[in-house]
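In the working numbering, the protein residues as written are 132 to 422. Heads up, the beta-carbon is just placed ideally off N, CA and C, and yes, glycines get one too. Notes for the one structure printed next.
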């Protein structure tokens with residue numbers, strides 16, 4: 132009597148199983164994080180108008196976080212996710228501000244709240260920052276990385292103030308690139324280090340994060356060529372350099388970031404992997420992977 136081969140279980144992995152399983156886990160965590168982001172935006176609504184903060188934006192932010200840390204849970208990704216959403220709200224408030232002095236006032240108030248001051252009543256941006264501050268301060272690594280976190284926040288606030296001060300005066304490309312702290316990616320990365328308990332020595336992760344931040348800024352600008360670029364919005368494409376020169380500069384920035392990531396990997400392997408995956412995610416998202 133012929134022996135009939137057992138049919139595979141519907142739960143068995145296919146030949147592409149491990150990769151598919153990892154992708155499914157990333158998407159699951161991203162979906163949970165996206166829902167939390169939308170709840171945070173509803174809790175602190177003023178900076179998050181639906182026209183600018185649509186479902187696609189929340190999806191992209193959550194996928195970037197989950198792809199960068201495929202083994203982490205949504206709870207472990209939450210602190211950095213909150214900071215990332217807050218930085219975008221900060222940028223939105225700065226863009227809406229009526230004057231340079233108003234941007235300075237926003238920056239000064241946020242700095243004070245980060246240091247422990249109470250947010251002004253009705254100030255959703257400051258209320259959100261206070262909630263982030265309180266959440267981070269309860270984590271064991273916060274005392275170790277508090278000064279790094281505070282320095283990155285200062286750099287982000289100063290960069291946004293410089294953006295506003297430069298309105299009406301087109302910066303040079305290098306000035307524009309040097310102001311990449313306005314993205315807040317290095318600030319978000321510092322929150323992630325606090326969340327995962329990174330107490331390793333050295334400044335290598337910070338240097339690598341700032342290099343990744345510059346590469347991501349230029350990658351995003353080059354990706355903007357596929358859509359209409361607002362002439363009033365800071366963007367490398369409006370600074371007069373031909374696209375081939377910008378693509379070459381992106382390749383240089385990416386190479387520099389990879390070298391700094393490699394140096395950080397000696398003592399911070401997980402954080403180095405996070406930064407490299409984050410940079411590569413945005414290169415793929417913006418369609419600049421081949422450049």
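How is residue i classed by DSSP in three states: helix, strand or coil?
i           : result
residue 397 : coil
residue 294 : helix
residue 219 : helix
residue 183 : coil
residue 274 : helix
residue 360 : Because the pLDDT at residue 360 is just 49, under 50, the model does not fix this residue reliably, and the value given afterwards should be weighed accordingly. DSSP places residue 360 in coil when its eight states are reduced to three.
residue 230 : coil
residue 134 : Residue placement at residue 134 is flagged as unreliable, the pLDDT there being 46, under the threshold of 50; the coordinate-derived value follows with that caveat. Three-state result, residue 134: coil.
residue 98  : Outside the shown range of the chain, which is 132 to 422, sits residue 98, and nothing can be said about it.
residue 417 : coil
residue 287 : helix
residue 259 : helix
residue 176 : coil
residue 312 : helix
residue 306 : helix
residue 212 : helix
residue 238 : helix
residue 200 : coil
residue 408 : helix
Can you name, in chain order, every residue of its own chain whose Cβ lies under 6 Å from the Cβ of residue i, other than the five neighbours on each side?
i           : result
residue 339 : 391, 392, 395 and 406
residue 403 : 392, 395 and 396
residue 244 : 250, 257, 260 and 261
residue 418 : 354
residue 296 : 231
residue 269 : none
residue 342 : 387, 388 and 391
Would you mind giving the Cβ-Cβ distance between residue i and residue j, rounded to the nearest angstrom? I have them listed as a contact below 8 Å.
i           : j           : result
residue 220 : residue 273 : 22 Å between Cβ atoms; not a contact.
residue 284 : residue 318 : 6 Å
residue 325 : residue 288 : Contact doesn't hold; Cβ gap of about 19 Å is too wide.
residue 321 : residue 280 : 5 Å
residue 423 : residue 380 : Given a span of 132 to 422 for the chain in the structure shown, any question on residue 423 remains unanswerable.
residue 304 : residue 384 : Not quite, the Cβ-Cβ distance comes to about 12 Å (not below 8 Å), so this is no contact.
residue 410 : residue 311 : Contact flag wrong, Cβ pair sits at about 13 Å.
So, at 7 Å on beta carbons, what are the nonlocal neighbours of residue i in its own chain, with the 5 sequence-adjacent residues on each side left out?
i           : result
residue 217 : 259, 260 and 263
residue 271 : 328
residue 292 : 234, 235 and 238
residue 189 : 165, 168 and 169
residue 360 : Confidence in residue 360 is poor, its pLDDT being 49 and thus under 50, which makes the residue's placement unreliable; the coordinate value appears in the next sentence. 366, 368 and 369.
residue 336 : 324, 395, 399 and 402
residue 352 : 366, 367 and 368
residue 163 : 205
For residue i, which residues in the same chain have their Cβ closer than 8 Å to its Cβ, ignoring the five residues on either side in sequence?
i          : result
residue 89 : Because the chain here runs from 132 to 422, residue 89 falls outside it and cannot be looked at.
> Using 8 Å as the Cβ pair cut-off and three pairs as the minimum, do the segment 196 to 208 and the segment 221 to 241 touch?
Replying inline: Contact fails: fewer than three Cβ-Cβ distances are below 8 Å.
>> Could you tell me which whole alpha helix (DSSP H) segments of length 4 or greater appear in the segment 317 to 391?
In response: Qualifying alpha helix (DSSP H) stretches, in chain order: 335 to 354.
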